[in-house]
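Protein chains in written order, with the working numbering: chain B, 1 to 173; chain P, 1 to 173.
By construction, the Cβ of each residue, glycine as well, lies at the ideal position given by its N, Cα and C atoms.
See structure below.
Number of protein chains: 2
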Amino acid sequence: MRQHEIANDTIDLETRLTQDHHQSLKLWLRMLSTTVMIENEIRNRLRAEFDITLPRFDLMAQLERHPEGLRMGELSKRMMVTGGNITGITDQLEQEGLVMRVTDKQDRRAYSVKLTPAGRKAFKTMASVHESWVAELFSGLDAEQKSQMIGLLSSVKSDLSANFSASKHNEHE
Amino acid sequence: MRQHEIANDTIDLETRLTQDHHQSLKLWLRMLSTTVMIENEIRNRLRAEFDITLPRFDLMAQLERHPEGLRMGELSKRMMVTGGNITGITDQLEQEGLVMRVTDKQDRRAYSVKLTPAGRKAFKTMASVHESWVAELFSGLDAEQKSQMIGLLSSVKSDLSANFSASKHNEHE
DNA sequence: TATTGTTATACTCTATAACTATA
DNA sequence: TATAGTTATAGAGTATAACAATA
Chain B
1 MRQHEIANDT IDLETRLTQD HHQSLKLWLR MLSTTVMIEN EIRNRLRAEF
51 DITLPRFDLM AQLERHPEGL RMGELSKRMM VTGGNITGIT DQLEQEGLVM
101 RVTDKQDRRA YSVKLTPAGR KAFKTMASVH ESWVAELFSG LDAEQKSQMI
151 GLLSSVKSDL SANFSASKHN EHE
Chain P
1 MRQHEIANDT IDLETRLTQD HHQSLKLWLR MLSTTVMIEN EIRNRLRAEF
51 DITLPRFDLM AQLERHPEGL RMGELSKRMM VTGGNITGIT DQLEQEGLVM
101 RVTDKQDRRA YSVKLTPAGR KAFKTMASVH ESWVAELFSG LDAEQKSQMI
151 GLLSSVKSDL SANFSASKHN EHE
C-alpha cells in the first residue's frame with residue numbers, strides 16, 4: 001500500500017496520464033456495455049409487452065412531462081435527433097391516435113404536439129411497468145449507491161454540456 | 001436530518017418502493033442520456049477523423065485483444081449482435097484490407113478473423129486517439145471518482161449478467 | 001432572409017429466417 | 001441432426017439536403 005503511494009508520487013507525468021487514459025477507457029467501456037445491456041432488455045420488453053419502440057416511448061415520455069405540448073423543434077433537441085426523424089415518429093404516433101398536432105395560433109408554421117387522452121392513458125400504464133423494470137434492473141445497487149451514481153453522472157454530464165454542446169442537439173433536461 | 005431519518009423509518013413499505021422506483025428511473029435516464037451524448041461525440045469524431053463507424057471500430061478492438069483471432073460466433077457474442085451482422089461488418093473490413101478470414105484447419109465450417117498488419121497499424125493509431133478523446137470526455141471526474149463509478153457499474157452489470165443473460169447475446173467480458 | 005417543419009433519399013445497424021457446407 | 005457461417009430480406013433509426021409555408 002505505502003509502496004504504491006510512494007510510487008504514485010514519483011512516477012512521471014506522462015505515466016500518470018497514461019494511467020488516467022486507461023482508467024477512463026475502462027470506465028467508458030463498462031458504462032457503454034452496461035447501458036447497452038439494459039437498453040436491449042428494455043427495448044425487448046417494450047416490444048413484447050406493448051408493441052412499442054424506444055424512440056416512440058421516449059417521445060411520449062417527453063410529452064407527458066410537458067402537458068402544454070412541445071413543438072417539433074423542441075422534441076428534436078430533447079431527443080437528440082434531427083428534425084426529419086421527429087416528423088416520422090410523430091406521424092406514427094398520430095396514426096395510432098396517441099398524440100396530436102395542434103396548430104399554433106401565433107406562428108402558423110409551427111405545431112404543438114400533445115398526448116391525446118388515449119395516449120396519456122396508454123402511457124401511464126406503460127410508464128408504470130417500465131419504471132418497475134428499471135428498478136428491477138438496477139436492484140444490484142442500494143439507495144445509497146444509486147444516489148452516488150446519480151451524482152457522478154451529473155458531474156460527467158454537466159462537464160459535457162459545458163464543453164461539447166456543439167456536437168449535436170444537446171441541451172438535454 | 002434527524003427528522004428525515006425518522007420519517008424514513010416510519011413511512012410504509014409501498015412509499016419506500018415508490019421512492020426507490022423513482023430513484024432508479026432517475027438514475028437510468030441520466031445514465032442513458034450521458035451515454036448517448038458521449039457515444040454521439042465519439043461516433044462523430046471517428047467518422048470525421050478516420051471515416052470509420054463505431055461497430056467497425058469495436059470489431060477491430062475485439063480482434064486487437066485476441067491476436068490469435070476470433071471466430072464469427074465469438075464476435076457475435078462479444079458484440080451483442082446476431083451473426084448476419086458480423087458477416088457484413090467483417091466483409092467491409094476485409095475489403096478495406098484491415099482484417100482477414102483464416103480458415104480453421106480443424107473445422108472447415110469455421111473461420112478465425114484476425115487483424116492484418118495494416119489493420120493492426122491502423123487500429124493502433126485510432127485507438128490511441130480514441131483513448132485520449134474518452135479521457136477528455138470524462139475529465140469531469142477525478143481518478144477517485146472514476147474508480148468509484150467503475151465499481152458501481154460492475155455491481156449493476158454482474159447483477160444483470162446473473163439474472164438477465166437470456167435476453168440477447170451477453171456473456172460480455 | 002431566417003425559421004419551422006416536411007419530404008425525399010441514402011446509409012448503417014439490426015433481427016429473422018432460409019440456406020450451404022461441413023461436423 | 002446439429003453447428004458455423006452466409007445470404008436475403010425487412011424494418012427501424014439516423015443524417016443530410018432540398019423544399020414549402022410562414023415570419
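Answer with buried or exposed for R56/P, where buried requires no fewer than 16 other C-beta atoms within 10 angstroms of its C-beta. buried
Looking at the unbroken alpha helix (DSSP H) that takes in T103/P, where does it start and where does it end? That residue, T103/P, is in no alpha helix (DSSP H); its beta strand (DSSP E) goes 99-103.
Please check if any C-beta of chain B sits within less than 9 Å of the C-beta of V156/P. yes
Chain-ordered neighbours of H21/B on chain P, where CB pairs are closer than 8 Å: E131, S132, V134, A135
Interface flag, S76/P vs chain B, CB-CB below 9 Å: no
Taking the alpha carbon of V102/B as the point to measure from, which residue in S154/B, V81/B, K114/B, T35/B has its own alpha carbon closest? K114/B
Nearest to F123/B by CA position, among E64/B, T35/B, Q23/B, E94/B, is which residue? E64/B
Please work out which residues of its chain come closer than 7 Å, Cβ to Cβ, to E173/P, disregarding the five sequence neighbours upstream and downstream, and give them in chain order. The pLDDT assigned to E173/P is 34, lower than 50, so where the model puts this residue is not dependable; a value taken from the coordinates is nonetheless given after this. Closer than 7 Å at Cβ, skipping near neighbours: no residue.
With a threshold of 9 Å between beta-carbons, can F164/B be considered close to chain P, or not? yes
Let's see if you can read the secondary structure: which residues bound the alpha helix (DSSP H) around S139/B? Here S139/B belongs to no alpha helix (DSSP H), and DSSP marks it neither H nor E.
Cβ-based neighbour list, W133/B, same chain, cut-off 8 Å, excluding 5 preceding and 5 following: E41, I42, R45
Per-residue contacts from I86/B into chain P (C-beta, under 8 Å): Within 8 Å Cβ-Cβ: nothing; I86/B doesn't reach chain P, min ~16 Å.
Taking all protein chains shown into account, do 16 or more other C-beta atoms lie within 10 angstroms of the C-beta of A135/B, making it buried, or fewer, making it exposed? buried
According to DSSP, is V81/P helix, strand or coil? coil
Starting from T35/B, find everything on chain P with Cβ-Cβ shorter than 7 Å and list it in chain order. M31, L32, T35
Range covered by the beta strand (DSSP E) that runs through L115/P: 111-115
Host alpha helix (DSSP H) of P55/B (start-end): 54-65
Look at the Cβ atom of L25/B, then the Cβ atom of T35/P, and state whether they are nearer than 9 Å. no
Of all Cβ atoms in chain P, is any one closer than 9 Å to the Cβ of K146/B? yes
Can you name the residues that DSSP bridges to L70/B? V113/B
Meets three-Cβ-pair contact criterion under 8 Å: the region 74-84 of chain P and the region 141-149 of chain P: no
Compare the beta carbon distance of I150/B and L160/P with 9 Å and say whether it is the shorter of the two. no
Assuming the contact rule is C-beta atoms closer than 8 Å, S112/P and L54/P should be a hit. Round their C-beta distance to whole Å, please. Not confirmed; about 23 Å, so no contact.
In chain order, what residues of the same chain lie with their CB nearer than 7 Å to the CB of D20/B, ignoring the 5 residues before and after it? none
A162/P to S158/B, Cα distance in whole Å? 33 Å
Short CB-CB distance (under 9 Å) between N150/P and chain B: In the sequence on display, residue 150/P carries Ile and not Asn. Chain B contact via Cβ: present.
Expressed to the nearest angstrom, what Euclidean distance is found between the alpha-carbon atoms of D12/P and Q106/B? 49 Å
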